[in-house]
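Below is one structure, written out as structure tokens, with a few remarks after it.
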Amino acid sequence: MPRVLASCCLLAATAMAQRLEPAGGSAAAPERFERILWLHDQAAAGAAARAGFTAVQLPRGGDPAPLRALGLGFYLDQPVGKGLLELRDAEWRPVAAAYERTRDPDVLVRPGCWQAPGRLAAAAQAMTAEVARVAGPGLCFVALADEASATRHDAPLDTCRCADCLQAYRTFALARYGSVAALDAALGTAFEDPAAVVPLTTDQVRRRELGDVSLPQNLAPFALHREFVAGQFAAAVGELAAAAQRAAGSAPVGLTGMPAPAAFGGNDYAALAPFLGMVEAYRGGGAPELAAGLLAPATQRYATLFPSGDGGGLAVEARMRAEVAALAAHGYAGAVVWSDREMLGADGALTALGIAVRQAFAAFGAALDACAGAAIEPASCWVVESAASVRLWWMLDSARDGMTWVRRLASYEAEHSTSQAARLGWSRLLQDLGLQPHFVAAEGLPERLLRERPRCLVLPAVVALDDRSLQAITSYVQAGGTVLADHSTALYDADLRRRTSGGLDALFGIQERSLRWADQRVHEGSAGTAAAGEVPLAETGLRGRIAERRAQGDTSIEQRVGRGRAHYLNAPVVDYARLRLDPAQAEKARELRRRVRAVLQLAGVEPPCDVRGAGLPTCIERVPLRLRDGRSVLAIRLHALEAPSLLRTLAAGGPRAITVEFPAPRALRLLGGEPLPVQTKFELMLDPCGALFLEGVGR
353 MPRVLASCCL LAATAMAQRL EPAGGSAAAP ERFERILWLH DQAAAGAAAR
403 AGFTAVQLPR GGDPAPLRAL GLGFYLDQPV GKGLLELRDA EWRPVAAAYE
453 RTRDPDVLVR PGCWQAPGRL AAAAQAMTAE VARVAGPGLC FVALADEASA
503 TRHDAPLDTC RCADCLQAYR TFALARYGSV AALDAALGTA FEDPAAVVPL
553 TTDQVRRREL GDVSLPQNLA PFALHREFVA GQFAAAVGEL AAAAQRAAGS
603 APVGLTGMPA PAAFGGNDYA ALAPFLGMVE AYRGGGAPEL AAGLLAPATQ
653 RYATLFPSGD GGGLAVEARM RAEVAALAAH GYAGAVVWSD REMLGADGAL
703 TALGIAVRQA FAAFGAALDA CAGAAIEPAS CWVVESAASV RLWWMLDSAR
753 DGMTWVRRLA SYEAEHSTSQ AARLGWSRLL QDLGLQPHFV AAEGLPERLL
803 RERPRCLVLP AVVALDDRSL QAITSYVQAG GTVLADHSTA LYDADLRRRT
853 SGGLDALFGI QERSLRWADQ RVHEGSAGTA AAGEVPLAET GLRGRIAERR
903 AQGDTSIEQR VGRGRAHYLN APVVDYARLR LDPAQAEKAR ELRRRVRAVL
953 QLAGVEPPCD VRGAGLPTCI ERVPLRLRDG RSVLAIRLHA LEAPSLLRTL
1003 AAGGPRAITV EFPAPRALRL LGGEPLPVQT KFELMLDPCG ALFLEGVGR
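If you number the sequence shown the way the numbering used here does, the last residue is 1051 and the count never jumps.
Put into structure tokens, the structure is as follows:
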């Protein structure tokens, strides 16, 4: 059992955890793409229906009868209410302010703590009644909470230290290590008495471990408490989701506003995956790609659409067309459009923004409905997601913050997080090479590698891995697999105790490495600048047996091991998402792609087709989809929404001629159209702000 899920069963709520069941098990597949308008005023539902939206959100206590009378679907928004899975700012801010002012651990009590006896059961009972009240025709899904968190969003703070949580932590920690003596030896503590065991605060760990010239040695107390809280959060979501699903019938239950994983907040996608029948993941930090990989294929993925005006000179009509085309190309079940105030005027008529959104939905209506709920078929290339590494990178990234680490909030973290930048960088790099990333959890990796054998295993800034995973990866390579890492691989074990060298150094052929802070060049999501056109080193002082030599360290270290290969880039893929669409950085992005492509080709990982067009940059995404009815569709689009000024330039001349070439003859047609001649090479037109959908014909 993955250890963060095992932690759920070691809490005081053991019986609760044992009752958990998959939330999406009985949910029906979507029949269409839901075009949902978020309403500040439920009286605007009629205008939403007239504008062509298919659904709206229904707040807790709202009446679904008028919506059904209008022919509108709806989702039940936050039936748990505020104050349990999601804290209001007014509830959270006093706790954070008090701790920042006093540094007194006794103030670290989470309002509405779910460890309190009976609290979750009472919430589940009230929530079940609310879900049952609205269940039936028109219910699209149930969103238990929006931006749910163990803290407030992913604000860093060591909650909760109420009496119930402290007792549950003692039970969890002692069950993990077996005795106080073993716990003290592992954590570097001196509790001696079981009754004295409490979680060390982040301040205490930072005072003990940060400030040396070398990387911190033992962050196990920090890791243990973060894992405990993540387990609490997963158990709470699981109990509520299971109860809601029983009342919701075939409508899926899940969470909206899910951020990228962070050290605080509890949003460990692997731990939450068994309980979610739907999810709406925020765009930052590669969270949508992570959700598509870690969640079950039947999990319905939604997105929030934030219409905007002239961004980077790109007209709103073009931007909305590109946004909606991307949703269809990735098999989303629907989109929540924010909001009636932007979409509708005082008279209920559509605004200019509203018209642009309606036109975009109409332009891709057939593709949206056909592809709703489709599964992305990734390449045989796994990208490992490590919750332990997320926690460790937060500590390393925040080292320079000193006592202000408590102000490292979501907006700042999004720009200064190595774990988020690595996830996003690898996602974009693989997508630019024509592949779809397939994220797998480090927890449970040894078991998966026994059952499945990907052609390539990618370790994106995976700085922490347990010994079982190291053994499994080594065996996988010896048996013929390929492993590809960027930097800092397995310097720590999964409990965040530093090793004397990288745990996979022998596999990669690394002979020398430094553990000094100054030689770790990746900080807060970037490796900084380097000579023009040169990809900077991620680590200096690194030497390998077979490598490209540089004065400050080696790069592209590689080794044959048994029948397989191990490749260590020593390059900051964390920077790729920032480089890829910047003409001034084109050479660095090209070099990163070249290195990764060479490894993937040796491993036999190839894109489904080659796509090229005169004047088009290397950002053409290819998304193989398996539709609900079993059809195979390949979506092709320009992946350039993150650079609207570039997209504007590319779109200025209208649709572009592209060549789509497959390795063997294919029978295809444009989705819903007439069959094209069977051939390997197709000459087609691609709207830079749209997408092509090529459907396989026959077998």
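The beta carbon of each residue, even a glycine, is placed where N, CA and C say it ideally should be.
These numbers were taken from a predicted model, which means no experiment stands behind them.
Determine the DSSP secondary structure at S1095, reduced to helix, strand or coil. No information on residue 1095 is available, as it lies outside the stretch 353 to 1051 that the chain covers here.
May I have the straight-line CA-CA distance separating D871 from V461, to the nearest angstrom? 39 Å
Take T553 as the anchor and find which of L576, V589, V975 has the nearest alpha-carbon. L576
If E891 and G905 are in contact, beta carbons under 8 Å, what's the gap, nearest whole angstrom? 6 Å
I believe V1052 touches W390 by the beta-carbon criterion, under 8 Å. Please report the beta-carbon distance rounded to the nearest angstrom. The first residue shown for the chain is 353 and the last is 1051, placing residue 1052 beyond what the model contains.
Return the first residue and the last residue of the beta strand (DSSP E) that P418 is part of. That residue, P418, is in no beta strand (DSSP E); its alpha helix (DSSP H) goes 417-421.
When burial is assigned at 16 or more other CB atoms within 10 Å of the CB, is I898 buried or exposed? exposed
What would DSSP say about P374, mapped onto helix, strand or coil? Residue placement at P374 is flagged as unreliable, the pLDDT there being 47, under the threshold of 50; the coordinate-derived value follows with that caveat. Coil, per DSSP.
Using the C-alpha atoms, what's the distance from P416 back to A395? 12 Å
Please go through the same chain and pick out, in chain order, the residues whose beta-carbon is closer than 8 Å to the beta-carbon of A879, but skip the five residues on each side of it. R873, P888, L889, A890, P924, V926, D927
Which residue comes first and which comes last in the alpha helix (DSSP H) that contains H790? Unbroken run through H790 is the beta strand (DSSP E), 790-793; no alpha helix (DSSP H).
With a 10 Å radius around its C-beta and 16 neighbouring C-beta atoms as the bar for buried, classify G956 as buried or exposed. exposed
Output needed for G877: all residues of its chain with C-beta closer than 6 Å, excluding positions within five of it in sequence on either side, in chain order. H768, S769, T770, A773, V926
Could I get the ranges of all uninterrupted alpha helix (DSSP H) runs contained in the region 678-716, with 4 residues as the minimum, in chain order? 692-695, 704-715
Uninterrupted alpha helix (DSSP H) stretches inside the region 406-485 (no shorter than 4 residues): 417-421, 441-454
Helix, strand or coil at W390 according to DSSP, with G and I counted as helix: coil
Rounded to the nearest angstrom, what separates G433 and A929 at their Cα positions? 37 Å
What number of angstroms, rounded off, separates the C-alpha of C512 from the C-alpha of S738? 24 Å
Can you tell me which residues form a DSSP beta bridge with K1033? E1013
With DSSP as the reference, please indicate the residues paired to L657 in a beta bridge. V689
I think A1019 touches G982, with their Cβ atoms under 8 Å apart; what is that distance to the nearest whole Å? Contact doesn't hold; Cβ gap of about 16 Å is too wide.
Give, in chain order, every unbroken run of the alpha helix (DSSP H) that is at least 4 residues long and sits entirely within the region 779-860. 797-803, 819-830, 857-860
Answer yes or no: do A587 and V483 have a C-beta to C-beta separation smaller than 8 Å? no
Endpoints, the alpha helix (DSSP H) within which A740 is located: 739-749
Supposed close pair D506, Q467 - CB separation, criterion 8 Å: Contact doesn't hold; Cβ gap of about 20 Å is too wide.
By alpha-carbon positions, which one of G404, D1039, L986, P1017 ends up nearest to A727? L986
Whole runs of the beta strand (DSSP E) within the region 938-987, excluding any shorter than 3 residues: 962-964, 972-978
Measuring only the C-alpha atoms, how far is Y529 from R850? 18 Å
How far does the alpha helix (DSSP H) with V589 in it reach, from first residue to last? 572-600
Under three-state DSSP, which class holds P354? For P354, the predicted model reports a pLDDT of 40, less than 50, meaning its position is unreliable; a value from the coordinates is still stated below. Of the three classes helix, strand and coil, the one that applies to P354 here is coil, per DSSP.
Same chain, Cβ closer than 6 Å to A674, five either side skipped, listed in chain order: L993, C1041
Compute the Euclidean distance between the alpha carbons of R759 and D510, then round it to the nearest angstrom. 13 Å
Can you name the residues that DSSP bridges to S878? H875
Nearest neighbour of R1000, chosen from L1028, P1029, V742, A670 [CA to CA]: A670
Neighbour-count burial assignment, P649, 16 or more Cβ in a 10 Å radius: exposed
What do you get for S840, buried or exposed, if any count of 16 or more other CB atoms within 10 angstroms of its CB means buried? buried
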